[in-house]
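Undergrad: Handing you a structure now.
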Amino acid sequence: MDGLEKHYPVRQGLLAAMLGRQPALVRAVDGVSFRIAPGEVLGLAGESGCGKSTTGMAVLDLVTRTAGCIRVAGRDVDLKRDRSAQLAFRRDVQIVFQNPFEALNPRFTVLESVLEPIAVHFPGRREEQLARAHRALERAGLAPVETYASRYPHELSGGQLQRVAIARSIGVEPRILVADEPVSMLDVSIRAGILALFRSFARDMGMAILYISHDLSTMRYLCQNVAVMYLGRIVEYGPAGAVLSRPVHPYAQALMASVPVRGRRGRKRLPLSGQVPNAMAIPAGCRFHPRCPVAMPICSAVAPPKVMLASGQEVACHLMTKTNSQEAQDASDTGTNRLALR
Ligand code: SF4
Numbered sequence: 014m015d016g017l018e019k020h021y022p023v024r025q026g027l028l029a030a031m032l033g034r035q036p037a038l039v040r041a042v043d044g045v046s047f048r049i050a051p052g053e054v055l056g057l058a059g060e061s062g063c064g065k066s067t068t069g070m071a072v073l074d075l076v077t078r079t080a081g082c083i084r085v086a087g088r089d090v091d092l093k094r095d096r097s098a099q100l101a102f103r104r105d106v107q108i109v110f111q112n113p114f115e116a117l118n119p120r121f122t123v124l125e126s127v128l129e130p131i132a133v134h135f136p137g138r139r140e141e142q143l144a145r146a147h148r149a150l151e152r153a154g155l156a157p158v159e160t161y162a163s164r165y166p167h168e169l170s171g172g173q174l175q176r177v178a179i180a181r182s183i184g185v186e187p188r189i190l191v192a193d194e195p196v197s198m199l200d201v202s203i204r205a206g207i208l209a210l211f212r213s214f215a216r217d218m219g220m221a222i223l224y225i226s227h228d229l230s231t232m233r234y235l236c237q238n239v240a241v242m243y244l245g246r247i248v249e250y251g252p253a254g255a256v257l258s259r260p261v262h263p264y265a266q267a268l269m270a271s272v273p274v275r276g277r278r279g280r281k282r283l284p285l286s287g288q289v290p291n292a293m294a295i296p297a298g299c300r301f302h303p304r305c306p307v308a309m310p311i312c313s314a315v316a317p318p319k320v321m322l323a324s325g326q327e328v329a330c331h332l333m334t335k336t337n338s339q340e341a342q343d344a345s346d347t348g349t350n351r352l353a354l355r
């Protein structure tokens, strides 16, 4: 994904339209780039409203991008022009939605639900389609298949429904899977089993998975790399171990500090002051500066460039740039050290 932007124009009144005023824009996603290798799980983290799910929808081309391009296996995907590329893209990129209770047609049996996309993308002999559907159900942990095949969604539990939705997505053997908060509506006791499935799809089937969640503890288990989003942009990206254990960007530090850790009583929380800014009136300079406890004068004027650190973390913060190294040191002494995770 290169330079993704998704801006939504806000509907304006008749008078504003007559006066020729430009409609305001909600900049839900504002310049996001990343790549996911085959067999990799990339976690996309951030608070509600930061643009995570819109990014996922844009990867699937379910929302029209304002700007940016998608490349699958090195090829630009121009879905508007090329019908055959469109069909291949629909097979290559699949999604598992958050809510399994609404993701399935209540009139379809389990087998019919899983067969439907297979019949679209692999027209041909029915036996082969059935074999694919059975394989997908088994991979999703619904074995023996005969026990589930003829059941309807209302006869299944939440965990079983999500497994059917997963089987429906992997039945066409996609290269890329977008998992948008796939366990947040499930009981804690069955989350681990579902997450283990995603891990096996990446490891055994070579799928590239974009795992969108605000549950950072599940990212530690599942992801190789993690990207932290704030107000439509990625502010920190890097290996999951580094980003989750030693975050560098002040927002990422505050986010990680909010994760409860077992047996760590008295651990310092870092509540952020101020409100989440309105995506229609994005602050100048660093978008995080109105809430940042270590903001410097430059932060409200100049957007920080991304800096690659030796740990592999890519961070957009003025504290990382050489020209601000002294200020960074001062800020670090007074502020960042306060933020450091204990
Ligand atoms: Fe804070 Fe400035 Fe870094 Fe933004 S650029 S996170 S305001 S220190």
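Everything in the sequence shown is counted per this note's numbering, starting at 14 for the first residue and increasing by one.
In this text, a Cβ means the ideal position worked out from N, Cα and C, and glycines have one as well.
1) Here's the rule I'm using: 16 or more other beta-carbon atoms within 10 Å means buried, otherwise exposed. How should Thr347 be labelled?
2) Determine the DSSP secondary structure at His134, reduced to helix, strand or coil.
3) Take Met232 and list the residues in its own chain whose beta-carbon comes closer than 8 Å to its own, dropping the five residues that flank it on each side.
4) Could you check if Ala267 is buried or exposed, using at least 16 other CB atoms within 10 Å of its CB as the buried criterion?
5) Are Val39 and Ala215 closer than 7 Å when you measure CB to CB?
6) Go ahead and label Gln111 buried or exposed: buried means 16 or more other beta carbons lie within 10 angstroms of its beta carbon, across all protein chains shown.
7) Return the CA-CA distance between Ala353 and Ile83, expressed in angstroms with no decimal places.
8) Taking only runs of the beta strand (DSSP E) that begin and end inside the segment 199-253, which ones reach a length of at least 3 residues, in chain order?
9) Within 10 Å of its beta-carbon, does Val201 have 16 or more other beta-carbons around it, so buried, or fewer, so exposed?
10) Just jot down, in chain order, the residues whose CB lies closer than 7 Å to any heavy atom of ligand 1.
11) Given 8 Å as the limit, is there contact between the segment 154-163 and the segment 130-141, that is, 3 or more CB pairs closer than that?
12) Using the beta-carbon count (16 or more within 10 Å), is His147 buried or exposed?
13) To which residues of the same chain is Cys305 closer than 6 Å at the C-beta, ignoring the five residues directly before and after it?
14) Looking at the structure shown, is Gly44 part of a helix, part of a strand, or coil, going by DSSP?
15) Restricting to runs no shorter than 3 residues, where is the beta strand (DSSP E) found entirely within the segment 253-334?
TA: Taking the geometry as given:
1) Model confidence at Thr347 stands at a pLDDT of 44, short of 50, so the residue's coordinates are unreliable; what they give is reported in the following sentence. It counts as exposed.
2) DSSP places His134 within a helical segment (H, G or I) once states are collapsed to three.
3) The answer, listed in chain order, is Gly56, Ala58, Tyr224, Ser226, Val239, Ala253, Leu257.
4) Burial state of Ala267 is buried, judged by a 10 Å Cβ sphere holding 16 or more other Cβ atoms.
5) no
6) buried
7) With a pLDDT of 37 at Ala353, under the threshold of 50, the predicted position of this residue should be treated as unreliable, though the coordinate-derived value follows. One C-alpha to the other measures close to 36 Å.
8) 221-225, 238-243, 246-252
9) exposed
10) With 7 Å as the limit between CB and the heavy atoms of ligand 1, the residues that fall short of it are His262, Pro263, Tyr264, Cys299, Phe301, His302, Cys305, Val307, Ala308, Met309, Cys312, Pro317, Cys330, His331, Leu332, Ala344.
11) no
12) Result: buried.
13) Pro263
14) strand
15) Qualifying beta strand (DSSP E) stretches, in chain order: 319-321, 327-329.
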